[in-house]
Amino acid sequence: MNRLFLLAILFVFIISCGKSKTERGENFTGSSSVEESSEIDASSYDPKRGEGKHTNVELGATLDQSMATKGEEVAGVKCTSCHKMTDERLVGPGWKGVTERRTPEWIMNFITNPDPMIDKDPELQAQLELCLVRMPNQSLSDTEAREIVEYMRKNDGVK
Amino acid sequence: MKNRFLKAIFVIALIFAFFASCKPKNSSNAVSGDAASKVYVAPGKYDEFYNFVSGGFSGQMSVYGLPSGRMLKVIPVFSVDPESGWGFSEETKPMLNTSHGFIPWDDAHHPEMSQTNGEVDGRWVFINGNNTPRIARLDLKRFKTAEIIELPNSAGNHSSPFITENTEYVVAGTRFGVPGDYEDGDVPINTYKENYKAHISFVKVGKEGEMDIAFQLRLPAVNFDLSHAGKGKSHGWFFFSCYNSEQANTLLEVNASQKDKDFIMAVNWKKAEEYIKDGKGKKEKAKYAHNYWDEKTHSAVSEMKEDVLVLDAMELKDICYMIPCPKSPHGCDVDPSGEYIAGSGKLAALIPVFSYTKMLAAIDKKTYEGDYNGIPVLKYDAVLHGEVQKPGLGPLHTEFDGKGNAYTTMFVSSEIVKWDIKTLKVLDRVPTYYSVGHLMIPGGDSKKPFGKYMVAYNKITKDRYLPTGPELTQSAQLYDITGDKMQLLLDFPTIGEPHYAQAAPADLIRNNGQVKFYKIEENQHPYVTKGEKESKVVRNGNQVHVYMTSTRSHFAPDNIEGIRVGDEVYFHITNLEQDWDVPHGFSVKGAKTAELLIMPGETSTLKWIPEKVGTSVFYCTDFCSALHQEMQGYVRVSPKGSATPLTYSVGTNMPAVK
């Protein structure tokens with residue numbers, strides 16, 4: 001009886017001391033901002049279109065010469081340090097034949113939105129194993145991206 | 001019966017033991033309580049405040065996150081920084097130009113954030129250069145020094161760079177009395193009282209932050225120490241503490257501590273503006289550098305100014321008034337309402353608090369006790385709101401929490417004392433480790449303090465960290481001031497010697513339109529290379545200009561021949577990347593300068609004069625990709641007068657190999 005009483009008191013003592021400690025653990029930094037990295041969900045990824053805002057790109061039957069010339073200028077500043085016009089790989093793959101292998105939507109999405117696509121596109125992941133450099137986001141405008149597609153078409157022989 | 005009694009005793013003893021064991025036993029227990037959870041910022045989460053801390057004799061400004069105390073960045077300001085190329089690249093050298101020429105160092109004391117309507121607005125931080133008097137403006141979109149202006153007629157720019165509530169002016173007062181630059185300063189030092197003067201500068205701040213000295217006030221040769229602008233009702237006034245009203249020129253330690261009272265000087269700067277308008281200012285000859293950063297050309301411009309407008313405050317009687325303040329006042333701090341001015345007589349055993357309303361009345365009724373070199377001296381009692389009695393020893397600086405409380409550092413007794421502004425009663429005191437100088441509450445010198453944290457910046461660290469030889473880091477200490485009692489949460493080390501600091505809510509700055517990279521289309525650097533096809537090497541006499549690009553992970557060109565010993569080779573590197581956090585570095589073997597760190601879309605230039613015949617190399621110093629270690633190139637250096645043709649290439653061997 002006496003022993004039980006003593007144990008009970010000891011128990012109360014331990015509980016109460018422990019509780020007072022946990023009560024102090026308030027989240028003082030609760031107001032600080034959080035930016036969680038988003039989970040990669042590749043299940044809804046469309047490998048033909050890629051991922052980004054370009055869903056339907058109209059291509060002319062013939063080449064838009066002035067657009068292609070503008071595309072060449074932009075590519076000269078932002079792309080050709082790493083891409084040749086031939087099929088030879090420099091830092092990234094050569095551009096020869098790219099408009100035959102890829103849809104214009106895929107190209108425009110990739111060059112304006114590279115990071116999410118490199119994370120999801122199986123072919124880009126395979127490419128990364130070869131090149132080992134993630135294609136950087138070069139902050140192309142939508143117009144510039146479209147002009148580059150036209151330049152790529154010219155490079156692929158569209159007249 | 002006896003048994004029951006024993007049982008009761010036993011229970012009482014146990015209860016007593018319970019309370020005793022849970023109660024903190026000493027101060028280290030008090031700190032360990034919940035302090036850790038209050039400063040813990042989980043990985044990937046952000047701090048609540050940006051804290052801008054002066055780098056003291058490092059000449060730079062550091063940026064910390066609060067409450068974690070994590071260092072985020074050191075921004076080079078007055079001192080060269082080989083890591084970023086600051087002061088070494090051709091573009092940044094003009095930022096450190098002065099009337100004395102290029103100066104690679106200064107002593108930076110007081111950051112002050114820009115304000116709108118008396119509230120910190122997250123646009124710029126100003127900081128003073130003490131030794132060769134200057135004010136720098138740092139742009140908080142880029143976290144970069146954007147402008148530096150030199151101050152003529154000044155020596156020891158200490159009471160600076162405090163601002164008015166809409167950032168109309170940033171001020172600078174001289175610590176040393178010295179002859180004006182417009183006079184012959186080659187005079188015997190013991191003619192101090194007759195030949196020496198003090199000048200205070202009011203530097204106008206434009207819409208884009210651009211600084212220009214609007215006018216200077218000529219004053220008796222006292223030592224100006226610190227200052228703060230009036231705010232709210234006292235907007236239009238500025239308050240400067242000063243010591244050495246004895247005008248001693250030797251052994252100031254003793255000779256400048258003779259009088260019972262020195263002064264806090266009140267400046268009616270609106271009145272000064274009127275005098276300027278009325279043409280009462282006199283253009284005096286001067287020479288001072290004004291350096292600013294041009295975002296379009298990624299280059300600094302340095303211009304030398306030739307004159308400055310001076311108002312003689314000893315002749316024009318109603319600009320300045322002296323308020324007697326006990327014993328060599330240091331801090332001069334205005335409460336959020338603008339009514340109370342706390343002067344901290346660093347050798348006094350009390351803190352006098354002055355009333356703006358009483359000051360106006362005293363001026364109105366001419367309640368003077370005399371004049372000091374032509375400037376009216378108001379009667380102490382007529383201006384005094386009251387004195388904080390027995391606050392501690394060596395009061396230095398005061399900040400405010402916006403809840404009616406003031407917090408003053410006590411250097412000699414190593415503590416911070418919290419007191420009520422109205423009743424002047426001491427409410428709490430907490431030790432600092434050790435010898436605290438400045439303190440900072442986010443927004444604590446503005447109209448709108450964020451009274452959650454307080455940081456003490458200590459002069460002496462002694463045993464607070466692991467020993468590191470004779471020189472120890474200095475320390476900052478973070479306190480929670482949300483409760484009645486101040487609570488010490490954290491120690492963290494600082495760079496240089498921390499003097500004053502400022503802080504603002506993180507969202508105010510991170511949402512201010514932070515620049516992540518420079519748009520290559522907008523790059524107007526005269527030696528920009530927009531794309532590899534434009535890269536080239538051009539010789540002009542013994543000057544060689546290399547137009548080079550960098551991208552992950554190569555330079556173009558990366559083979560250069562035809563360079564001769566003694567050539568002035570300028571590597572103009574354009575980083576073609578257009579994404580956040582992709583700088584490239586650039587270093588050349590044997591360069592007697594530093595490296596370059598080139599931000600995406602930026603062009604930077606490193607000058608190199610080869611001295612040895614042979615092959616030199618260059619490489620990227622900032623790990624940029626998996627092929628970073630491949631990012632390298634070669635320069636063939638031939639003797640003077642060599643016939644080796646100038647060639648350059650990337651990807652093909654030049655001259656063509658058969």
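Protein chains in written order, with UniProt numbering: chain F, 1 to 159; chain C, 1 to 658. Just so you know, even glycine gets a beta-carbon here, dropped at the ideal spot from N, CA and C.
Kindly list the residues whose CB is nearer than 6 Å to the CB of residue i, restricted to its own chain and excluding five residues on each side of it in sequence; keep chain order.
i: residue 35 of chain C; result: 489
i: residue 164 of chain C; result: 229
i: residue 356 of chain C; result: 234 and 339
i: residue 293 of chain C; result: 146 and 300
i: residue 152 of chain C; result: 181, 286, 288 and 308
i: residue 84 of chain F; result: 90 and 94
Considering residue i, what are the terminal residues of the beta strand (DSSP E) in which it resides?
i: residue 112 of chain C; result: 108-116
i: residue 198 of chain C; result: 197-205
i: residue 289 of chain C; result: 282-294
i: residue 552 of chain C; result: Unbroken run through residue 552 of chain C: none, as it is neither H nor E.
i: residue 563 of chain C; result: 559-564
i: residue 539 of chain C; result: 536-540
i: residue 372 of chain C; result: 368-372
i: residue 61 of chain C; result: 61-66
i: residue 659 of chain C; result: Limits of chain C in this structure are 1 at one end and 658 at the other, which puts residue 659 of chain C out of reach.
For the alpha helix (DSSP H) containing residue i, name the first residue and the last one.
i: residue 182 of chain C; result: Note, residue 182 of chain C: premise wrong, no alpha helix (DSSP H); not H, not E.
i: residue 77 of chain F; result: 65-78
i: residue 46 of chain F; result: Neither: residue 46 of chain F is in no alpha helix (DSSP H) and is coded neither H nor E.
i: residue 161 of chain F; result: Coverage of chain F is limited to positions 1 through 159, which leaves residue 161 of chain F absent and any answer about it impossible.
i: residue 98 of chain F; result: 98-101
i: residue 509 of chain C; result: 506-510
i: residue 128 of chain F; result: 122-131
i: residue 380 of chain C; result: 380-383
According to DSSP, is residue i helix, strand or coil?
i: residue 158 of chain F; result: coil
i: residue 232 of chain C; result: helix
i: residue 629 of chain C; result: helix
i: residue 91 of chain C; result: coil
i: residue 140 of chain F; result: coil
i: residue 33 of chain C; result: helix
i: residue 148 of chain F; result: helix
i: residue 39 of chain C; result: helix
i: residue 117 of chain F; result: helix
i: residue 73 of chain C; result: strand
i: residue 520 of chain C; result: helix
i: residue 84 of chain F; result: coil
i: residue 96 of chain C; result: helix
For residue i, I'd like the list of residues in its chain whose CB is within less than 7 Å of its CB, leaving aside the five on either flank, ordered along the chain.
i: residue 516 of chain C; result: 580
i: residue 628 of chain C; result: 553 and 620
i: residue 313 of chain C; result: 217, 218, 219, 319, 320 and 375
i: residue 270 of chain C; result: 236
i: residue 94 of chain C; result: 291, 300, 301 and 302
Pop quiz: residue i and residue j are said to be a contact at Cβ under 8 Å. What is the actual Cβ separation, rounded to whole angstroms?
i: residue 336 of chain C; j: residue 402 of chain C; result: 5 Å
i: residue 284 of chain C; j: residue 177 of chain C; result: That pair is no contact at about 17 Å.
i: residue 225 of chain C; j: residue 245 of chain C; result: In fact, because the Cβ distance is near 12 Å, the residues do not count as touching under 8 Å.
i: residue 578 of chain C; j: residue 78 of chain F; result: 6 Å
i: residue 128 of chain C; j: residue 302 of chain C; result: Residue 128 of chain C to residue 302 of chain C, Cβ: 19 Å. No contact.
i: residue 413 of chain C; j: residue 394 of chain C; result: 7 Å
i: residue 69 of chain C; j: residue 450 of chain C; result: Going by Cβ atoms, the distance from residue 69 of chain C to residue 450 of chain C rounds to 17 Å, so no, they are not a contact pair.
i: residue 607 of chain C; j: residue 570 of chain C; result: 6 Å
i: residue 286 of chain C; j: residue 182 of chain C; result: 6 Å
i: residue 455 of chain C; j: residue 501 of chain C; result: 7 Å
i: residue 457 of chain C; j: residue 499 of chain C; result: 7 Å
i: residue 644 of chain C; j: residue 654 of chain C; result: The Cβ separation is near 12 Å, so there is no contact.
Could you pull out every residue in the same chain whose Cβ sits closer than 8 Å to the Cβ of residue i, ignoring the five residues on either side in sequence?
i: residue 531 of chain C; result: 549 and 576
i: residue 668 of chain C; result: Within the shown structure, residues of chain C are numbered from 1 to 658, placing residue 668 of chain C beyond reach of any answer.
i: residue 89 of chain F; result: 130 and 131
i: residue 396 of chain C; result: 330, 331, 344, 346, 408, 409, 410, 411, 436, 437 and 438
i: residue 512 of chain C; result: 122, 123, 140 and 141
Enumerate, from N- to C-terminal direction, the unbroken alpha helix (DSSP H) stretches of 4 or more residues contained entirely within the segment 297-366 of chain C. DSSP runs (the alpha helix (DSSP H)) wholly in the segment 297-366 of chain C: 356-364.
Please go through the segment 408-481 of chain C and give each complete beta strand (DSSP E) segment of 3 or more residues, from N-terminal end onward. For the segment 408-481 of chain C, the full-length beta strand (DSSP E) segments reaching 3 residues or more read 415-420, 426-431, 436-440, 453-458 and 474-480 along the chain.
Only counting runs of 4 or more residues, tell me where the alpha helix (DSSP H) segments fall wholly within the segment 233-276 of chain C, in order along the chain. The DSSP assignment places complete alpha helix (DSSP H) segments of no fewer than 4 residues inside the segment 233-276 of chain C at 252-255, in order along the chain.
Every unbroken alpha helix (DSSP H) inside the segment 126-195 of chain C [4 residues or more]: Counting whole runs of 4 or more residues, the segment 126-195 of chain C contains the alpha helix (DSSP H) stretches 192-195.
In the segment 577-612 of chain C, which residue ranges form an unbroken beta strand (DSSP E) of at least 3 residues, counting only runs that do not cross its ends? With a minimum length of 3 residues, the continuous beta strand (DSSP E) runs that stay inside the segment 577-612 of chain C are 584-588, 596-598 and 603-608.
Between the segment 579-607 of chain C and chain B, which residues of the former have a C-beta closer than 7 Å to a C-beta of the latter? No chain B appears in the structure shown, which is made up of the protein chains F and C.
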